[in-house]
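Enquirer: Using the working numbering, the letters of the sequence shown map in sequence onto residues 509 to 760. All C-beta atoms, glycine included, are put in the ideal place defined by N, C-alpha and C. These numbers were taken from a predicted model, which means no experiment stands behind them. First the structure, which I've put down as structure tokens, then a few questions once you've had a look.
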Amino acid sequence: MNQATHSSPPSTANALAIDKLEVHYQGIIALRSVTLEVRQGEIFTLIGPNGAGKSSLVNAITGIVPSTGAIAFEGGELNRLPAHQRARRGVIQVPEGRRVIAPLSVMENLLLGCEAVGARKGDVQADLDRVFTLFPILAERRSQLSGTMSGGQQQMLAIGRALMGHPRVLLLDEPSLGLAPVIIADVFRAIRQLNQDGMTIFLVEQNARLALETAHRAAVLEQGRIVKQGEAAVLAHDPEVEEHYFGQAAAH
Ligand code: ATP
């Protein structure tokens, strides 16, 4: 069942409009003229094989890697802004591999999420309460060193840290990577909850079946190019997608 259909339909206004985006790394072309739109309030997922350029696209949107082409966010152009200014506008990433700061506690990692946007916006306690409501385990473990937590707990912490920066679009890079199915279900429940509360989500996933079940719309990236895009429920029944992306490894 497509879980996304439970939430109210997203608007047709664009949160992100990406036009002819290119990323090059010293001779390697990672993205070739990528054009796509992410609508306000939707979950948009990008699927594709290893090395297709998925992380490069997330990193180009958040400004961690340089790119050419246009990235309009809520109508304003991002592509000349440094990463920290994009974060302040609410373009915030949960990186692949979580990247929590192992020697710091859960609470210290969460507070870093405020520092990352340059200022503590609003009421930090209210922000913490929101994160702890979404992930009660983080409240229980608030004093624990994050490096001693399980992979699933670290993923929840990485999402919580991003939420402390008040994302308007949350970009998640492979949130299911290396996690047990029961933990993946918890993480995806939280992603759907954030979306139902109104947050726009850009989800990069290798678990294509789960990603397409979760998202409203989707694109397939292969060798740096978008080869398909459309409604997630339609792509989930596309024979080529089924053949190439619904293998044993992606089953859950
Ligand atoms: P994965 O699922 O394995 O993370 P991906 O779809 O996210 O893959 P990218 O990590 O964006 O793909 O990589 C796209 C291409 O760019 C690959 O050929 C990769 O080897 C190359 N690449 C990525 N980062 C760099 C870098 N910093 N320097 C040089 N080449 C890079």
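So is the beta-carbon of K562 under 6 Å away from any non-hydrogen atom of the ligand ATP?
Expert: For the ligand ATP, at least one heavy atom lies less than 6 Å from the Cβ of K562.
Enquirer: Under DSSP, the alpha helix (DSSP H) around A752 begins and ends at which residues?
Expert: Sequence check: residue 752 is His here, not Ala. First-last of the alpha helix (DSSP H) with H752: P747 to Y753.
Enquirer: Could you say which of G561, G605 and Q737 lies nearest to I537 if we only look at CA atoms?
Expert: I537 has its Cα closest to that of G561, out of G561, G605 and Q737.
Enquirer: Is the beta carbon of A525 less than 7 Å from the beta carbon of I600?
Expert: Not a contact, by the Cβ cut-off of 7 Å.
Enquirer: Any idea which residues DSSP pairs I569 with across the strands?
Expert: None; I569 has no bridge partner.
Enquirer: On the criterion of 16 or more Cβ atoms from any shown chain inside 10 Å, does H592 qualify as buried, or is it exposed?
Expert: Result: exposed.
Enquirer: Would you list the one or two residues that DSSP bridges to L729?
Expert: Partner(s): I734.
Enquirer: Between V602 and S575, which are expected to be in contact by the criterion C-beta below 8 Å, what is the C-beta distance as a whole number of angstroms?
Expert: With a Cβ gap of about 20 Å, V602 and S575 do not count as contacting.
Enquirer: Consult DSSP for F643 and reduce its assignment to one of helix, strand or coil.
Expert: In the structure shown, F643 sits in coil (DSSP, three-state: anything other than H, G, I, E or B).
Enquirer: Is N558 close to chain E? Criterion is C-beta to C-beta, closer than 7 Å.
Expert: Here chain E cannot be found, since the structure has a single protein chain.
Enquirer: Rounded to the nearest angstrom, how far is the Cβ of A740 from that of H724, given a contact under 8 Å?
Expert: Contact flag correct, Cβ pair sits at about 6 Å.
Enquirer: Going by the beta-carbon positions, is the gap between A580 and V677 smaller than 7 Å?
Expert: No, these two residues do not count as a Cβ contact at 7 Å.
Enquirer: Buried or exposed: E623, going by 16 or more other Cβ atoms within 10 Å of its Cβ?
Expert: Exposed: under 16 other Cβ atoms inside 10 Å.
Enquirer: Output the distance between the C-alpha atoms of N555 and A634, rounded to the nearest integer angstrom.
Expert: Note on identity: in this sequence residue 555 is Ile, with Asn being the wrong assignment. When rounded, the distance between both Cα atoms is 34 Å.
Enquirer: Pull up the distance between the alpha-carbon of I699 and that of N715, whole angstroms please.
Expert: For I699 and N715, the distance between alpha carbons rounds to 15 Å.
Enquirer: Quick check on this structure: which residue in G668, V546 and P644 has the alpha carbon closest to the alpha carbon of A521?
Expert: Out of G668, V546 and P644, V546 has the C-alpha closest to the C-alpha of A521.
Enquirer: Please confirm whether G660 and I691 have their CB atoms less than 7 Å apart.
Expert: For G660 and I691, yes; Cβs fall inside 7 Å.
Enquirer: To the nearest angstrom, how far is it from the Cα of A744 to the Cα of E750?
Expert: A744 and E750: Cα-Cα distance of roughly 7 Å.
Enquirer: Could you check if Y753 belongs to the surroundings of the ligand ATP, using beta carbon to heavy atom distance under 6 Å?
Expert: Because no heavy atom of the ligand ATP lies under 6 Å away, the Cβ of Y753 does not count as near it: no.
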